[in-house]
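Participant: As they're listed, the protein sequences go chains A and B. Read left to right, the first sequence gives residues 35 to 252 (our numbering). Read left to right, the second sequence gives residues 20 to 276 (our numbering). Cβ coordinates follow ideal geometry from the N, Cα and C atoms, glycine included.
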Amino acid sequence: MQKNYFDRVHKWGISWDIGALLILLAIPVTISTYFNAWPPLKVLGEILLTLIPLYWITAVAEVIIYVPMLGAGGTYLSFVTGNLSNLKIPCGLAAMENAKVKANTEEGEVVSTIAIGVSSITTTVIIAVGVLAFSPVLPYITGEGSAFEPAFNQVLPALFGALAASYFAKHWKLVPLPVIVGVIALVFAPTLGVGILMFITIFAAIAGVLILYKLKWL
Amino acid sequence: MDFTDFKTGGLMLTIALGVIAFVIAQSLFFIVKSWKHAKELGISSSTLKNTVVSSILFTIAPAVSILATVIVLADSLGIILPWIRLSVIGNLAYETTAAQTALEALGGSLTGEITDTTEFATVSWAMTIGSIAPLVLLPFLCKKLQKTIGKAVNKNETASKLGDAISAAAFIGIVSAFVARAIAGTTADGTGNAGFMSVAVLVVSIIVMVILELICKKFDLEKLRPFTMPVSMFVGMGSAMLFEAVLPAEIVNFVWR
């Protein structure tokens, strides 16, 4: 049963993934064809040389780290709509936590997929409505000088504080090492991007588990 | 929206609506399939409905923040291309780097409004080339990775216990990265410096979450549990507004990074 369901999810996921790829590629092709404005080949080569090492290596690491957490359906959805670390992953984690199901089980798979699907639709609708109806007034809500500005500047600490409380209470033994390692990394490299920082803290957390396991403290 | 400007004209609007339709169709497809399978697994409708409601609540504030980044990019690229890009895969840091790289390759920069169609098209190519990497990799890696992990953790009871602990550790690693940033991080443009406000908001949302969880436990309010996380997040954000209003500027603006 398990094998069948996951196999089906991968089949659907790959089909939608290829569809998304074609749509994404169609965007610049359509723009260039319609405006008869093609980038010079030399320029395109320069862009490829700069961006591919920058983003494709990160992409390999992201896929390896996120797949086990998001499950199959959640992965295929999240990588199309993006905003993984600041939205899709916490959303999937919170849903599995609330429903009391584990990642890498069929129950975890369906709950995280529903949560990520709902989150993707909500985000898409909020951005679309915001752009079409509220773009002239949005700077007054989130921009400098607005009453809401302090709140929107602190979305991530508020979001991860709530998530941390529920995870940290349950797995308190695993918490100190990754947080301390993360803080030390930031002391030496304050502007470290969250993508790289996350690899460091995940590595520290897993190393912590293995040490505690060896010491039989887990 | 200025329909006479090529960046916000009919073609771009049509592309945006097409992309949105695709994203919503894909999400609905997976929600329906998962919902059906959840019922087969015996997961209750109320659990699934709670998942939907709490995911919507959880998403609102981050989505408004993403919307704000669309507006930031709109100055130079018009509003529709950033709208498309942030609806599929994109994020502000990536889109800005891609646009900047493209314009620099053409001898320009991202400081002013783009008025040349070749510059605009080149930016759209750059944004696409970098961001499609995960979509190219997933068909080859996703199934293999999941199978390997499934096999490893289902080998025996010890492996399964260790597997659970490692997956909990990976989640904790992610959360720790953001907690560490609130304590000691900063951003290249200096807008996200760790200081009084980031730590105070972090602490407030942790405390509110703990209190709400205790209330749910003590009074057996299982139905309210899915709302504890979004509510804690909103209270945390609200506390930032309160601190700004009541505390002296030297405290709320105090940063150590």
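So if I threshold CB-CB distances at 7 Å, which residues from the segment 156-179 of chain B count as touching chain A?
Facilitator: Leu156, Leu157, Pro158, Leu160, Cys161, Lys162, Leu164, Gln165, Ile168, Gly169 and Val172
Participant: Give me the Cα-Cα distance between threonine 147 of chain A and proline 267 of chain B, rounded to the nearest whole angstrom.
Facilitator: 45 Å
Participant: Looking at the secondary structure, which residues open and close the alpha helix (DSSP H) in which tryptophan 144 of chain B lies?
Facilitator: 136-150
Participant: Can you name the residues of chain B whose CB is closer than 8 Å to the CB of lysine 136 of chain A?
Facilitator: Asp183 and Ser186
Participant: Tell me the residue span of the alpha helix (DSSP H) that contains valine 51 of chain B.
Facilitator: 29-59
Participant: Within the chosen definition, does the segment 204-215 of chain A reach the segment 233-245 of chain B through at least 3 CB pairs nearer than 8 Å?
Facilitator: no
Participant: With a cut-off of 7 Å, does the C-beta of methionine 145 of chain B fall near any C-beta of chain A?
Facilitator: According to the sequence as given, residue 145 of chain B is alanine; it is not methionine. So, interface residue.
Participant: Restricting to Cα atoms, I'd like to know which of B/Ser65, B/Trp54 and B/Ile50 is closest to glutamate 241 of chain B.
Facilitator: Comparing Cα positions, the closest option is B/Ser65.
Participant: If you draw a straight line from the C-alpha of alanine 189 of chain B to the C-alpha of methionine 103 of chain A, how long is it?
Facilitator: 8 Å
Participant: Which residue comes first and which comes last in the alpha helix (DSSP H) that contains asparagine 138 of chain A?
Facilitator: Note, asparagine 138 of chain A: premise wrong, no alpha helix (DSSP H); not H, not E.
Participant: Please say whether leucine 193 of chain A and methionine 31 of chain B have beta carbons closer to each other than 7 Å?
Facilitator: no
Participant: Could you give the residue range of the alpha helix (DSSP H) that holds valine 217 of chain A?
Facilitator: 210-222
Participant: Suppose the cutoff is 6 Å on Cβ atoms and the five residues either side in sequence are ignored; what does the same chain contact list for serine 217 of chain B look like?
Facilitator: Contacts found: Ala201.
Participant: Specify, as a first and last residue, the run of the alpha helix (DSSP H) that lysine 183 of chain A falls within.
Facilitator: Note that residue 183 of chain A corresponds to glutamate in the displayed sequence, not to lysine. Run containing glutamate 183 of chain A: 183-187, per the alpha helix (DSSP H) assignment.
Participant: DSSP beta-bridge partners for glycine 214 of chain B?
Facilitator: B/Val274
Participant: For chain A, is any of its Cβ atoms less than 7 Å away from the one on leucine 86 of chain B?
Facilitator: yes
Participant: In three-state DSSP terms, what is glycine 192 of chain B?
Facilitator: The three-state secondary structure of glycine 192 of chain B, taken from DSSP, is helix.
Participant: Rounded to the nearest angstrom, what separates isoleucine 75 of chain B and isoleucine 85 of chain B at their Cα positions?
Facilitator: 15 Å
Participant: Determine the direct distance from the alpha carbon of phenylalanine 139 of chain B to that of proline 74 of chain A, and round the result to whole angstroms.
Facilitator: Proline 74 of chain A and phenylalanine 139 of chain B: Cα-Cα distance of roughly 13 Å.
Participant: Checking 7 Å against the spacing of the C-beta atoms, do phenylalanine 113 of chain A and proline 158 of chain B come in under that value?
Facilitator: no
Participant: Any C-beta of chain B sitting closer than 7 Å to the C-beta of isoleucine 65 of chain A?
Facilitator: yes
Participant: Report yes or no: is there a C-beta of chain B within less than 7 Å of the C-beta of glycine 151 of chain A?
Facilitator: yes
Participant: Do the segment 116-123 of chain B and the segment 54-70 of chain A meet, that is, are 3 or more Cβ pairs less than 8 Å apart?
Facilitator: no
Participant: CA-CA distance, threonine 115 of chain B and alanine 196 of chain B?
Facilitator: 23 Å
Participant: In angstroms with no decimal places, state the Cα-to-Cα distance between lysine 204 of chain A and phenylalanine 262 of chain B.
Facilitator: 30 Å
Participant: Rounding to the nearest angstrom, what Cα-Cα distance links phenylalanine 182 of chain A and lysine 162 of chain B in this structure?
Facilitator: 43 Å
Participant: For methionine 248 of chain B versus alanine 128 of chain A, is the C-beta distance shorter than 7 Å?
Facilitator: yes
Participant: Could you check what DSSP says for glycine 109 of chain B in three-state terms: helix, strand or coil?
Facilitator: coil
Participant: For lysine 52 of chain B, count the other beta carbons within 10 Å of its own beta carbon; 16 or more makes it buried, fewer makes it exposed. Which is it?
Facilitator: Buried.
Participant: Give me the chain B residues within the contact set of phenylalanine 69 of chain A, using Cβ-Cβ distance strictly less than 9 Å, ordered along the chain.
Facilitator: Phe25, Leu30, Thr136, Thr137, Phe139 and Ala140
Participant: At a Cβ threshold of 7 Å, is phenylalanine 77 of chain B touching chain A?
Facilitator: yes
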